[in-house]
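Colleague:
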Amino acid sequence: MVRKFLIEAASSSSAKGKPLSDTVYIPEMFDPERADAIVQRRQAFLSRAVQSQGNRRSLAILIGEVKEIQPARSGSRLIVKHAPRYPFMLAEDVNRRMNKVFARELALWDASPDSHLIAAATFGVGLSGIAAVEAIALMTVSEKWIPFESQYEGMLLDALIKRGSIFMKGLRYNLTPTQPMASIVLTVNKAEPIAMYIVPDDADCAYHDSLALLVSESEMPSWIWDIANGPMPDLP
């Protein structure tokens, strides 16, 4: 179902004059009875998506759930769910950048057995037929497929879901981890939405000052969980 909606979204967007769906590879759900047909469709799609145009090398986009990351003789290989026999190779420099930039996401994935790790990557296919990743981004999501960036945020999400709360999850996008943001905007009955903040235990004075300014300028009431001060406060 998620794959269907992603492909529909890609079909309505374009890049360099052609639909994104022509270059976005999202693995089909694996079915052993249709394994050969799935492989043929993947090969046909990639042969079109990564066709070289003159001197310009074409790249495709991978969106998929990471099954595992295995060490290779040089760098590592990314194994994606539903396509375990088609690894995506990461050169040493790409692998090194991934482990540095997405250390938090990888640590959360390792520590949270019910979580999922989503990869979005650009890749090319060489003459050998091997897929080589050029750039990659990772996102950790919960068992319910909601992005989260700390164990504490995961605990808050679990508490809200168990209570049946209605909320919107904030995404950091290009904000750095040192910039405060509302993790969640909570709707309680017909009352005003509440901005929910989680303050990391290593937050410095600059972080607290930025948060205070953010809260004072917001039109929404706030709920703040300062990890350094103890357990999660009562939910609104």
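Position one of the sequence shown corresponds to residue 33 (the working numbering), numbered consecutively onward.
The beta carbon of each residue, even a glycine, is placed where N, CA and C say it ideally should be.
(1) Could you say which of Pro64, Asn221, Ala135, Pro225 lies nearest to Met200 if we only look at CA atoms?
(2) In the DSSP assignment, what residue or residues form a beta bridge with His148?
(3) Does the Cβ of Phe297 have 16 or more other Cβ atoms within 10 Å, making it buried, or fewer, making it exposed?
(4) Does the beta-carbon of Ser221 have 16 or more other beta-carbons within 10 angstroms, so that it is buried, or is it exposed?
(5) Taking the beta carbon of Glu124 as the centre, do at least 16 other beta carbons fall within 10 Å, making it buried, or is it exposed?
(6) Let's test the definition: count the other Cβ atoms within 10 Å of the Cβ of Asn127 and tell me whether it reaches 16, buried, or not, exposed.
(7) Taking only runs of the alpha helix (DSSP H) that begin and end inside the segment 42-124, which ones reach a length of at least 4 residues, in chain order?
(8) Using 10 angstroms around the beta-carbon of Ala163, count the other beta-carbons present and answer buried if the total reaches 16, otherwise exposed.
(9) Taking the alpha carbon of Phe37 as the reference point, which residue from Ser46, Ser53, Ala47 has its own alpha carbon closest?
(10) Return the chain-ordered list of same chain residues with a C-beta closer than 6 Å to the C-beta of Ser215, the five sequence neighbours on each side being excluded.
(11) Scan the segment 170-233 and note each continuous alpha helix (DSSP H) run of 4 residues or more that stays entirely inside, going in chain order.
(12) Assign Phe37 to one of three DSSP states: helix, strand, or coil.
(13) State the Cα-Cα distance for the pair Arg105 and Ser242, rounded to the nearest angstrom.
(14) What first and last residue would you give for the beta strand (DSSP E) that runs through Asp241?
(15) At what residues does the alpha helix (DSSP H) containing Asp266 begin and finish?
(16) Using the three-state DSSP reduction, which class does Ile162 fall into: helix, strand or coil?
(17) So, for Lys99: in the same chain, excluding its five sequence neighbours on each side, which residues have a beta-carbon less than 8 Å away from its beta-carbon?
(18) Please classify Phe120 as buried or exposed, where buried requires at least 16 neighbouring CB atoms within 10 angstroms.
(19) Quick one: what's Gly262 bridged to in DSSP?
(20) Just to confirm before moving on: does the CB-CB distance between Ala81 and Tyr118 stay below 8 Å?
(21) Should the segment 140-148 be called in touch with the segment 179-194, which here means at least 3 C-beta pairs below 8 Å?
(22) My assumption, with CB atoms under 8 Å, is that Leu94 sits in contact with Ala151. Please give the rounded CB distance.
(23) Rounded to the nearest angstrom, what separates Met61 and Lys48 at their Cα positions?
Modeller: Taking the definition as stated:
(1) Indexing the sequence shown from 1 puts residue 200 at position 168. Closest option to Met200, Cα to Cα, is Pro225.
(2) Against the sequence shown, residue 148 aligns to sequence position 116. BP columns for His148 point to Val173.
(3) Absent from the structure is residue 297, since the part of the chain shown begins at 33 and ends at 268.
(4) Taking the first residue of the sequence shown as position 1, residue 221 is located at position 189. Looking at the sequence itself, residue 221 is Asn, so the reference to Ser does not match. Burial call: exposed.
(5) Here residue 124 corresponds to residue number 92 of the sequence shown, with the count starting at 1. By the 10 Å Cβ count, Glu124 comes out exposed.
(6) Position 95 of the sequence shown holds residue 127. It is buried - the Cβ of Asn127 has at least 16 other Cβ atoms within 10 Å.
(7) 67-81
(8) Position 131 of the sequence shown holds residue 163. So Ala163 ends up on the buried side.
(9) Against the sequence shown, residue 37 aligns to sequence position 5. The shortest Cα separation from Phe37 among Ser46, Ser53, Ala47 belongs to Ser53.
(10) For the purposes of this step, residue 215 is identified with residue 183 of the sequence shown, where counting begins at 1. Closer than 6 Å at the Cβ level, and outside the excluded window around Ser215, lie Glu185, Gly202, Met228, Ile230.
(11) 183-195
(12) One-based indexing of the sequence shown puts residue 37 at position 5. The three-state secondary structure of Phe37, taken from DSSP, is helix.
(13) By 1-based counting over the sequence shown, the position of residue 105 is 73. By 1-based counting over the sequence shown, the position of residue 242 is 210. Approximately 46 Å between the Cα atoms of the pair.
(14) Taking the sequence shown and counting its residues from 1, the one referred to as residue 241 is at position 209. Looking at the DSSP string, Asp241 is not in any beta strand (DSSP E); the run it does join, the alpha helix (DSSP H), is 237-249.
(15) For the purposes of this step, residue 266 is identified with residue 234 of the sequence shown, where counting begins at 1. No alpha helix (DSSP H) holds Asp266; DSSP gives it neither H nor E.
(16) By one-based count along the sequence shown, residue 162 stands at place 130. The answer is coil: DSSP assigns Ile162 none of H, G, I, E or B.
(17) As a position in the sequence shown, residue 99 is number 67, starting the count at 1. For Lys99, where only same-chain residues beyond five positions count, the Cβ hits under 8 Å are Ile111, Val112, Lys113, Pro116.
(18) Here the question's residue 120 lines up with position 88 in the sequence shown. In summary, Phe120 is buried, with 16 or more beta-carbon neighbours lying within 10 Å of its beta-carbon over all protein chains present.
(19) In the sequence shown, counting from the first residue as 1, residue 262 sits at position 230. For Gly262, which the question treats as bridged, DSSP gives no partner whatsoever.
(20) Mapped onto the sequence shown, residue 81 falls at position 49. Mapped onto the sequence shown, residue 118 falls at position 86. In this structure, Tyr118 does not lie closer than 8 Å to Ala81 by Cβ.
(21) yes
(22) Taking the sequence shown and counting its residues from 1, one reaches residue 94 at position 62. Taking the sequence shown and counting its residues from 1, one reaches residue 151 at position 119. Correct: roughly 7 Å between the Cβ atoms.
(23) By one-based count along the sequence shown, residue 61 stands at place 29. By one-based count along the sequence shown, residue 48 stands at place 16. Answer to the nearest angstrom: the Cα atoms are 29 Å apart.
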